[in-house]
Amino acid sequence: MKKILYNYVFYPLAVFTGALTLLLSGCEKDEIPAGEVTPVIPVVSSMDPANVLVTMADCGGEVTDDGGGEITARGVVWGTTPLPTVDLTTKTNEGSGTGKFVSKVTGLLPGTTYYFRAYATNSAGTGYGGVTSKNFVTRPFPPGITGLVADASGNLYQTVVIGTRTWMVENLKTTKFRDGTNIPNVSDDSQWGLLTTAAYCNLNNVVKNGEVYGRLYNWHSVNDAKGLCPAGWHVPTDVEWTALMDYAGGRTVAGGKLKQSGSTHWYGANVFGTNEFGFTAMPGDFRPSNGIYVYHLFNSCYFWTSTPVSPTSTTAYYNWLPYSDKIVTRASTDKKTGYSVRCIKDI
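Have a look at this one:
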């Protein structure tokens, strides 16, 4: 009788022990292997804004902890209401990694309050710089600034009346012709030097340079029938540029009165820049006709006219404003050269 009782008790005990073993082994499979860490949201701080201008500002932040996961994106996001998130399209992406970064925030409206936060994203989610957003107010229109005009790419430009004519206050940034056709972006040096059709580039092939200083266009873009400037505007002729120089006191002094004041966007000291008329000439520099960049960045302004030297010439006129003087030099160069463009309103 004792033997039968023993077998009766042992069997359920064995079943229970086996089930417990299976349960524990199943739990072990879900455990995180030794040495691995579950990522958490990154830790980010926002820096104070700097160089706040009429339509742009420098904003940035620092990723101090990646949260144990790879940072796949970091930058700043901004808007006109507090606590903007990366769901907005108004954000920058400065790549991956930890540490400090600075973003050039562009396309802003004058005299407007903007809120921004630095952000960083890993597999756990997106972290933001602080529980509150920082803010800044863009500068208002300078005296004489009269309004805004949009190009085919959606960029907004301030305008100013100088004498009897209305000019853009910024270098052209469009990547499309007036009819919406894309302008080819040519970065290859040798290809640029062979062009006989319209093209643009960003100085030194850096997109941010184009966003801040405007694109560089060859003269074939200037002369294209599809129209480089917005409707109701055009690239000024040699005569129209000369009239502007005359109104500003002549070519020996006009450069100082037309250049952006200060040295924020200049390689050199920008001697004599007073921006007396609100024209705000900025140093987009240029791309040589052979396509190879060889000069200092941001030390001079070069503006195309729409006037060729002759109907059959391979050269056209331009105006040069150096950082180190107050003059404006009129000269001609190969139509393959990449220069900045300012637009003037039709009469």
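FYI, in numbering that gives the first Met the number 0 the residues of the sequence shown are 0 to 346. Cβ coordinates follow ideal geometry from the N, Cα and C atoms, glycine included. None of these values were measured; they are calculated from a predicted model.
Near Ile161, what residues of its chain come up, given a Cβ to Cβ distance below 7 Å and the 5 sequence neighbours on each side ignored?
By the criterion of a C-beta distance shorter than 7 Å, Ile161 is surrounded in its chain by Leu243, Tyr246, Phe276, Phe278, once the five residues flanking it on both sides are discounted.
Can you name, in chain order, every residue of its own chain whose Cβ lies under 7 Å from the Cβ of Asn181, other than the five neighbours on each side?
Thr174, Lys175
Return yes when the Cβ of Thr165 is within less than 9 Å of the Cβ of Lys344, no when it is not.
Contact flag set, yes.
Report the residue from Arg177, Glu210, Leu107, Asn222 whose alpha carbon sits nearest the alpha carbon of Ala281.
The question names Ala, yet the displayed sequence has Met at residue 281. Nearest C-alpha to Met281: Glu210.
Within its chain, find whatever has a CB closer than 7 Å to the CB of Thr71; leave out the 5 residues flanking it on each side and keep chain order.
Ser95, Thr120, Asn121
How many whole angstroms separate the CB atoms of Asn318 and Trp240, which I take to be in contact at a CB cut-off of 8 Å?
5 Å
Determine which residues share a DSSP beta bridge with Ile40 and list them.
Beta-bridge pairing by DSSP links Ile40 to no other residue.
Can you tell me whether Asn203 is buried or exposed? The criterion is at least 16 other CB atoms within 10 Å of its CB, across all chains shown.
exposed
Tell me whether Thr336 counts as near the ligand NAD, meaning its Cβ is closer than 8 Å to at least one heavy atom of that ligand.
Absence of the ligand NAD from the depicted structure is noted, as is the absence of any ligand whatsoever, leaving it without description.
Quick one: what's Asn318 bridged to in DSSP?
Phe302, Arg329
Where does Ala243 fall in DSSP's three states?
Per the sequence shown, residue 243 should be read as Leu rather than Ala. In the structure shown, Leu243 sits in a helix (DSSP, three-state: H, G or I).
How should Asn208 be labelled, buried or exposed, when 16 other C-beta atoms within 10 angstroms of its C-beta is the threshold for buried?
buried
Just to confirm, are Val75 and Ala117 a CB contact at a threshold of 9 Å?
In this structure, the beta-carbon distance from Val75 to Ala117 falls below 9 Å.
Starting from the N-terminal side, write out each stretch of the alpha helix (DSSP H) that is 4 residues or longer and does not extend beyond the region 227-298.
237-246, 253-257
Which ranges would you report for the beta strand (DSSP E) in the region 74-108 if only whole runs of at least 3 residues count?
98-104
Exposed or buried, Gln190, counting other C-beta atoms within 10 Å across all chains shown (16 or more means buried)?
exposed
Just to confirm before moving on: does the CB-CB distance between Leu171 and Val62 stay below 9 Å?
no
Give the range of the alpha helix (DSSP H) segment to which Val221 is assigned.
Run containing Val221: 218-221, per the alpha helix (DSSP H) assignment.
So, under 8 Å CB-CB, Arg250 and Ile326 are touching, yes? Tell me the CB distance rounded to an integer number of Å.
6 Å
For Pro345, which of helix, strand or coil comes out of DSSP?
Before going on, a small fix: residue 345 reads as Asp here, not Pro. Coil.
Between the beta-carbon of Pro229 and the beta-carbon of Val148, is there less than 9 Å?
yes
As a quick exercise: from Phe285, Thr273, Val238, pick the residue whose alpha carbon is nearest that of Ser305.
For Ser305, the nearest C-alpha among the options comes from Val238.
Report the CB separation of Thr37 from Thr79 in whole angstroms; it is logged as a contact under 8 Å.
At roughly 37 Å, the Cβ-Cβ gap does not stay under 8 Å, so Thr37 and Thr79 are not in contact.
For Leu215, which three-state DSSP category applies?
strand
Report the residue from Lys225, Glu35, Tyr127 whose alpha carbon sits nearest the alpha carbon of Gly68.
By alpha-carbon distance to Gly68, the top candidate from Lys225, Glu35, Tyr127 is Glu35.
Taking buried to mean at least 16 other C-beta atoms within 10 Å of its own C-beta, is Leu320 buried or exposed?
By the neighbour-count definition (other C-beta atoms within 10 Å, threshold 16), Leu320 is a buried residue.
Once DSSP output is grouped into helix, strand and coil, what is the label at Gly66?
coil
Just the Cα atoms here: how many angstroms apart are Asn222 and Arg286?
18 Å
Tell me the DSSP secondary structure of Asp187 in three-state form.
coil
Quick one: what's Ile161 bridged to in DSSP?
In the DSSP assignment, Ile161 is bridged to Arg164.
Compare the beta carbon distance of Ile346 and Gly192 with 9 Å and say whether it is the shorter of the two.
no
Okay, do the region 88-104 and the region 39-58 touch, 3+ Cβ pairs below 8 Å being the bar?
yes
With a threshold of 6 Å on Cβ separation, who are the neighbours of Asn408 within its own chain once the five nearest residues in sequence on each side are excluded?
Because the chain spans 0 through 346 in this model, residue 408 falls outside it and cannot be assessed.
Under three-state DSSP, which class holds Glu210?
helix
Can you tell me which of the three DSSP states Leu155 falls into?
strand
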